[in-house]
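A quick write-up on the structure given underneath.
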Amino acid sequence: MQERAMLLSGTRVRYATVPYTPGILDQVTVLLGLRERTWPYWLEDWPATWALASLLAGENPDAWPGPVLDLGCGSGIMGAWLRARFGIEAFSCDFNSDACRLAARNVAANAPAIGDEIRAADREVPARGRVFCADMRAFPMRTRFGLVLAGEMLYAKENQAPILAFLSEHLEEGGRCLLADKGRSAAEGFDAAARAAGFTVALREAEAEGRSARVFELRLGSA
Numbered sequence: 262m263q264e265r266a267m268l269l270s271g272t273r274v275r276y277a278t279v280p281y282t283p284g285i286l287d288q289v290t291v292l293l294g295l296r297e298r299t300w301p302y303w304l305e306d307w308p309a310t311w312a313l314a315s316l317l318a319g320e321n322p323d324a325w326p327g328p329v330l331d332l333g334c335g336s337g338i339m340g341a342w343l344r345a346r347f348g349i350e351a352f353s354c355d356f357n358s359d360a361c362r363l364a365a366r367n368v369a370a371n372a373p374a375i376g377d378e379i380r381a382a383d384r385e386v387p388a389r390g391r392v393f394c395a396d397m398r399a400f401p402m403r404t405r406f407g408l409v410l411a412g413e414m415l416y417a418k419e420n421q422a423p424i425l426a427f428l429s430e431h432l433e434e435g436g437r438c439l440l441a442d443k444g445r446s447a448a449e450g451f452d453a454a455a456r457a458a459g460f461t462v463a464l465r466e467a468e469a470e471g472r473s474a475r476v477f478e479l480r481l482g483s484a
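Counting in the numbering used here, the sequence shown runs from 262 upward without gaps.
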């Protein structure tokens, strides 16, 4: 395990990770075969994380209508950034148990900025955020979230319908989802499918530190 730090949209994030190369992750995936839940790609430094942070950095979190969920949190970098930047104690989940263990460690390692402890307490959520293992297809909470963040989840066409079903049930009225993708072909048609499911969709482009991603911004109902 290695301890590292990154400057993410102007905020220093401390995190633990396992040394890897993309080639090593591919080799591990081949060995694991079709068992998607055990694939190690949650260790990747994905462009989606940088894109989402760059879009949120200038926002006022007090305007977000309800709890924040980092869906498919991987190693927890986004949850750690939200805690360090805003004092936001987000809910973070992934279906990979190893990812959840590392995410819990990384979120806890990043204390809120001075003065943000009060904001976090006012939100009446767990003191260090809540990281848990869950599949969006069988989500254990009935909570509706004011902001859902998701990155790199459109790697397979068949993920589109479950994502939209999850958001229909768990996105708060007036809330939004920011779903970042690096431009995979499997994401084609997602905006049309989202509109057909009753969402308002805006497409945004984000770039940070040479990493770029397309972001689908979804809201329930008309704008």
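Backbone N, C-alpha and C define an ideal beta-carbon position, used for all residues, glycine too.
For clarity, every value in this text was computed on a predicted model and none was experimentally measured.
Which residue wins for smallest C-alpha separation from residue i, given the options the options?
i, options, result
"C250", "P283, M402 and L440", "Since the first and last residues shown for the chain are 262 and 484, residue 250 lies out of range."
"R405", "L269, W325 and T310", "W325"
"L343", "L317, F356 and S358", "L317"
"R366", "A474, M262 and G482", "M262"
"A426", "E413, Y416, F352 and D396", "D396"
"F352", "A314, A341, D359 and A417", "A341"
"G444", "E434, R472, A457 and F460", "R472"
"Y276", "D306, F400 and I285", "D306"
Over the uninterrupted beta strand (DSSP E) stretch that includes residue i, give me the two end residues.
i, result
"L439", "L432 to D442"
"R275", "T272 to T278"
Helix, strand or coil for residue i per DSSP?
i, result
"D396", "coil"
"E350", "coil"
"A382", "Only weak support exists for where A382 lies, its pLDDT of 43 falling under 50; the value from the coordinates is given anyway. Looking at A382 - three-state DSSP - the assignment turns out to be helix."
"R344", "helix"
"E419", "helix"
"F427", "helix"
"A388", "With a pLDDT of 41 at A388, under the threshold of 50, the predicted position of this residue should be treated as unreliable, and no value is reported."
"E468", "strand"
"S336", "coil"
"L269", "strand"
"T310", "helix"
"A463", "strand"
Taking Cβ positions, are residue i and residue j nearer each other than 8 Å?
i, j, result
"L213", "A447", "With the chain represented from 262 up to 484, any question about residue 213 goes unanswered, as that position is not in the structure."
"N371", "V274", "yes"
"V392", "G348", "no"
"A469", "S270", "yes"
"C438", "A458", "no"
Can you tell me where the alpha helix (DSSP H) holding residue i begins and where it ends?
i, result
"A457", "F451 to A457"
"A369", "S358 to A369"
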